[in-house]
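Participant: Protein chains in written order, with our numbering: chain H, 1 to 110; chain G, 1001 to 1110. For every residue, glycine included, the Cβ atom is placed at its ideal position computed from N, Cα and C. Keep in mind the model is a prediction, meaning the values are calculated, not measured. The structure that follows is given in the form of structure tokens.
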DNA sequence: CATTTATTCAACTATAGAGAATAAATGGAT
DNA sequence: ATCCATTTATTCTCTATAGTTGAATAAATG
């Protein structure tokens, strides 16, 4: 598969990272996907996708500070890169180009 | 991977099948994807995806009649099933739910 | 040191991609 | 009519990448 394209789950993870902005780490990314799509997004899958995305330099990560919570390991926060944002737009463009105007799909997405 | 979901390339192939309607077979499906998205879609990949889609019963196929052309093997025509159409809508819904309203993506697709 | 929160790993299945091989049909030459 | 080069299309093989699950590990705290 061309390394320059986003696979579907990677695209979803990247979109969740973009939306969550400052608060994007494993658990909320998984929740965001599950909440918006209704599909399961296991943590293992999310982390695996995040690693691939970082290899492709579509995201970068930094370790978070400790918080006031009970305990627990440090969070790893992710943010999208300019390159990642371009890739998302490209995927969005390619998909909408294929589905726009198809009457079977009730006039394209909102 | 859940057999009930469409992977990205499968989604693209299925969208091309829907758009081409009566004329959906290997070569034009590949052309349609390449033309609309600007990405390469090798015949090998297209046929492999079509086979997976047929296994999942998202498409059905029938062999075509001979035509007035010079020669050549019979075409295998594909058409989407009701189940396939549902799967496309579901993918479309999931993706747009994740990207809609993100200002980085200029207000969502047309 | 048990508990909490989070990430990483390992093993496996599914999807994607490129290119070679094969198949089937036709028209023309002999 | 039979052979065969050509055309059009599909299938096969091999490799790489993506996605899944469940268990293991890590780090922080009271």
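1. Sorted by chain position, which residues of the same chain lie with C-beta nearer than 7 Å to residue 15 (chain H)'s C-beta, five sequence neighbours on each side aside?
2. First and last residue of the alpha helix (DSSP H) that includes residue 9 (chain H)?
3. If you drop the 5 nearest sequence neighbours on each side, which residues of the same chain put their C-beta closer than 7 Å to that of residue 50 (chain H)?
4. Where does residue 74 (chain H) land, buried or exposed, given buried means 16+ other C-beta within 10 angstroms?
5. Run the CB neighbour count on residue 66 (chain H), radius 10 Å, all protein chains shown included, and call it buried at 16 or more, exposed below.
6. Against chain G, with Cβ distances strictly below 7 Å, would residue 126 (chain H) count as a contact?
7. Residue 42 (chain H): buried (16+ other C-beta within 10 angstroms of its C-beta) or exposed?
8. List the residues that DSSP assigns as beta-bridge partners of residue 77 (chain H).
9. Between G:1048, G:1047, G:1020, which has its C-alpha nearest residue 1035 (chain G)'s C-alpha?
10. Starting from the C-beta of residue 105 (chain H), find all residues in its chain whose C-beta is less than 8 Å away, skip the five residues before and the five after it, and write them out in chain order.
11. Please state whether the Cβ-Cβ distance between residue 1080 (chain G) and residue 1033 (chain G) is less than 7 Å.
12. Hey, is residue 1097 (chain G)'s beta-carbon within less than 7 Å of any beta-carbon in chain H?
13. Rounding to the nearest angstrom, what Cα-Cα distance links residue 1047 (chain G) and residue 26 (chain H) in this structure?
14. Nearest-angstrom Cα distance between residue 28 (chain H) and residue 1091 (chain G)?
15. Can you list, in chain order, the residues of its chain whose CB lies under 6 Å from that of residue 1062 (chain G), leaving out five sequence neighbours each side?
16. Drop a sphere of 10 angstroms on the beta-carbon of residue 1024 (chain G), count the other beta-carbons inside from all chains shown, and report buried for 16 or more, exposed for fewer.
17. What does residue 1085 (chain G) reach in chain H if we use C-beta pairs closer than 7 Å?
18. At a CB-CB cut-off below 9 Å, which residues of chain G make contact with residue 12 (chain H)?
19. Excluding the five sequence neighbours on either side, which residues of its own chain have a C-beta within less than 8 Å of the C-beta of residue 1069 (chain G), listed in chain order?
20. Please list, in chain order, the chain H residues whose beta carbon lies closer than 9 Å to that of residue 1015 (chain G).
21. With C-beta atoms as the reference, is residue 57 (chain H) less than 7 Å away from residue 83 (chain H)?
Facilitator: A quick look at the data gives this:
1. Position 15 of the first chain, counting from 1, holds the residue named residue 15 (chain H). 88, listed in sequence order.
2. Counted from its first residue, the first chain places residue 9 (chain H) at position 9. Per DSSP, residue 9 (chain H) belongs to the alpha helix (DSSP H) from 8 to 20.
3. Taking the first residue of the first chain as position 1, residue 50 (chain H) is located at position 50. Excluding sequence neighbours, residue 50 (chain H) sits near 13, 59, 78.
4. For the purposes of this step, residue 74 (chain H) is taken as the residue at position 74 of the first chain. Answer is exposed; the Cβ neighbour count stays below 16.
5. Taking the first chain and counting its residues from 1, the one referred to as residue 66 (chain H) is at position 66. By the neighbour-count rule (16 or more Cβ atoms within 10 Å), residue 66 (chain H) is not buried but exposed.
6. This structure cannot settle anything about residue 126 (chain H), because the visible part of chain H is limited to 1 through 110.
7. Here residue 42 (chain H) refers to the residue found at position 42 when the first chain is read from its first residue. Burial call: exposed.
8. As a working note, residue 77 (chain H) is residue 77 in the first chain. Beta-bridge pairing by DSSP links residue 77 (chain H) to H:62.
9. Taking the first residue of the second chain as position 1, residue 1035 (chain G) is located at position 35. Of the candidates G:1048, G:1047, G:1020, the one whose C-alpha sits nearest the C-alpha of residue 1035 (chain G) is G:1020.
10. By 1-based counting over the first chain, the position of residue 105 (chain H) is 105. Excluding residues within five positions, the ones whose Cβ falls inside 8 Å are 99.
11. On the second chain, residue 1080 (chain G) is found 80 positions in, with the first residue counted as 1. On the second chain, residue 1033 (chain G) is found 33 positions in, with the first residue counted as 1. No. Outside cutoff.
12. Sequence index remark: in the second chain, residue 1097 (chain G) carries index 97 (1-based). It does; some Cβ of chain H falls within 7 Å.
13. As a first step, residue 1047 (chain G) is located in the second chain; it is residue number 47 there, counting from the start. As a first step, residue 26 (chain H) is located in the first chain; it is residue number 26 there, counting from the start. When rounded, the distance between both Cα atoms is 36 Å.
14. Along the first chain, one-based indexing puts residue 28 (chain H) at 28. Along the second chain, one-based indexing puts residue 1091 (chain G) at 91. Roughly 21 Å between the two C-alpha positions.
15. Residue 1062 (chain G) sits at position 62 when you count from the first residue of the second chain. Taken in chain order, the residues that qualify are 1077.
16. To locate residue 1024 (chain G), count along the second chain from 1; it is residue 24. Residue 1024 (chain G) comes out buried.
17. Here the question's residue 1085 (chain G) lines up with position 85 in the second chain. Here the neighbours are 104.
18. Looking up residue 12 (chain H) in the first chain gives position 12. Under the 9 Å cutoff, chain G gives 1094, 1095, 1098.
19. In the second chain, residue 1069 (chain G) corresponds to position 69, counting from 1. Excluding positions up to five away in sequence, the list is empty.
20. Taking the second chain and counting its residues from 1, one reaches residue 1015 (chain G) at position 15. Residues of chain H passing the Cβ test: 95, 98, 99, 102, 105.
21. As a working note, residue 57 (chain H) is residue 57 in the first chain. As a working note, residue 83 (chain H) is residue 83 in the first chain. Their beta carbons are under 7 Å apart, which means residue 57 (chain H) touches residue 83 (chain H) by this criterion.
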